[in-house]
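As structure tokens, the structure follows; a few thoughts come after it.
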Amino acid sequence: MAAARPIAVLADIHGNRWALEAVLEDARRRGIRRLVNLGDCLYGPLDPAGTADRLMALGMPTARGNEDRILLDDPARHPDSPSLAFCRSELGPAHLRWLRELPLTAVHEAGLFLCHGSPRADDEYLLWEVTAAGAQRLPAAAVSSRLPGIAQPVVLCGHDHLPARLDLGRGRAVLDPGSVGLPAYRDDHPFPHAMETGSPHSRYAILRRSPAGWAAEFVAVPYDHESAAAAAERNGRPDWAHALRTGLAAVPGGAPGT
Ligand SMILES: [Mn+2]
Numbered sequence: 000m001a002a003a004r005p006i007a008v009l010a011d012i013h014g015n016r017w018a019l020e021a022v023l024e025d026a027r028r029r030g031i032r033r034l035v036n037l038g039d040c041l042y043g044p045l046d047p048a049g050t051a052d053r054l055m056a057l058g059m060p061t062a063r064g065n066e067d068r069i070l071l072d073d074p075a076r077h078p079d080s081p082s083l084a085f086c087r088s089e090l091g092p093a094h095l096r097w098l099r100e101l102p103l104t105a106v107h108e109a110g111l112f113l114c115h116g117s118p119r120a121d122d123e124y125l126l127w128e129v130t131a132a133g134a135q136r137l138p139a140a141a142v143s144s145r146l147p148g149i150a151q152p153v154v155l156c157g158h159d160h161l162p163a164r165l166d167l168g169r170g171r172a173v174l175d176p177g178s179v180g181l182p183a184y185r186d187d188h189p190f191p192h193a194m195e196t197g198s199p200h201s202r203y204a205i206l207r208r209s210p211a212g213w214a215a216e217f218v219a220v221p222y223d224h225e226s227a228a229a230a231a232e233r234n235g236r237p238d239w240a241h242a243l244r245t246g247l248a249a250v251p252g253g254a255p256g257t
């Protein structure tokens, strides 16, 4: 039965080709052939073109991330995204065409709804609310209210980079696999907050449908994070290098997080 085959869920790769290769190898070793991607594929001071080539060849169902969208804009419009000009200089027309065609949301035949942030916005957290006090997890009722009209029992989201599963009742769940390529960051919008996985591992999730419901396995894959951190340093982002090495956001006063 096709639906019983496992599905690997990837999100927030952020141009980290080293981490992507490790996750693909881990999934391949487990015999997983179905993959989905929740966006923010290329942005960052790492290897956007190498990552794009790999993702385009794989052709997995992909939802657009906010930082996929801004890669199509003039870097001057995004002074808060200091690696945008680097990415634009690395990416070719075919890469940008691929980004332009990514949908905001997608539905997977297995009964999964794919989005990057929330179903209505690629830059809105689905599981978190950010206030002047920082980032706080939303209760199930508040998350459900952000999912009007969605029939699929499982909603997959990324954007916050933290692995999570929240069950909404009646067999419904929201699942975030965590970030393949960037385990921590700091962001100042709408208020300053830090998201930290706490280890340098590349994260993804494996979904399996059973008669009892959807099982989710969260995987932390060790990989050559030092090569990724060295690329971040070469490209002027010591804050990314720190996050890649530690899973912790760089201290405030450094460069902006993403
Ligand atoms: Mn994002």
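Heads up: the sequence shown begins at 0 in numbering that gives the first Met the number 0, then just goes up one per residue.
We put the CB at the ideal spot given by N, CA and C, even for glycine.
Near ligand 1: residue i beta-carbon under 7 Å from a heavy atom
{"i": "Asp52", "result": "no"}
{"i": "Gly64", "result": "yes"}
{"i": "Asp223", "result": "no"}
{"i": "Asp39", "result": "yes"}
{"i": "His158", "result": "yes"}
{"i": "His115", "result": "yes"}
{"i": "Asp187", "result": "no"}
{"i": "Asp11", "result": "yes"}
Buried versus exposed call for residue i [16 or more other C-beta atoms within 10 Å across all chains shown]
{"i": "Glu89", "result": "buried"}
{"i": "Ala21", "result": "buried"}
{"i": "Met0", "result": "Interpretation of Met0 is limited by its pLDDT of 47, a score under 50 that renders its predicted location unreliable; no figure is taken from the coordinates."}
{"i": "Ala228", "result": "buried"}
{"i": "Gly30", "result": "exposed"}
{"i": "Thr50", "result": "buried"}
{"i": "Asp73", "result": "exposed"}
Member of the options whose CA lies at the smallest distance from the CA of residue i
{"i": "Ala3", "options": "Ala214, Cys40, Leu247, Glu225", "result": "Ala214"}
{"i": "Pro5", "options": "Ser144, Gly157, His107, Ala140", "result": "His107"}
{"i": "Leu9", "options": "Leu161, Ala131, Asp187, Gly235", "result": "Leu161"}
{"i": "Pro221", "options": "Leu19, Asp11, Pro92", "result": "Leu19"}
{"i": "Glu216", "options": "Gly170, Met194, Ala163", "result": "Ala163"}
{"i": "Arg27", "options": "Leu57, Asp39, Ile12, Leu41", "result": "Leu57"}
{"i": "Pro138", "options": "Val173, Pro118, Gly148, Pro152", "result": "Val173"}
{"i": "Ala84", "options": "Phe112, Pro92, Ala75", "result": "Ala75"}
{"i": "Gly91", "options": "Leu71, Gly110, Asp79", "result": "Leu71"}
{"i": "Phe112", "options": "Leu146, Ala132, Ser82", "result": "Leu146"}
{"i": "Arg136", "options": "Ala7, Asp11, Arg236, Asp175", "result": "Asp175"}
{"i": "Leu266", "options": "Ala93, Leu95, Gly116, Arg96", "result": "No answer is possible for residue 266: the residues shown for the chain start at 0 and end at 257."}
{"i": "Ser144", "options": "Leu167, Ala131, Cys156, Arg233", "result": "Leu167"}
Distance between beta carbons of residue j and residue i, contact taken as under 8 Å
{"i": "Arg185", "j": "Ala249", "result": "7 Å"}
{"i": "Pro47", "j": "Gly14", "result": "4 Å"}
{"i": "His224", "j": "Arg244", "result": "6 Å"}
{"i": "Asp159", "j": "Leu126", "result": "6 Å"}
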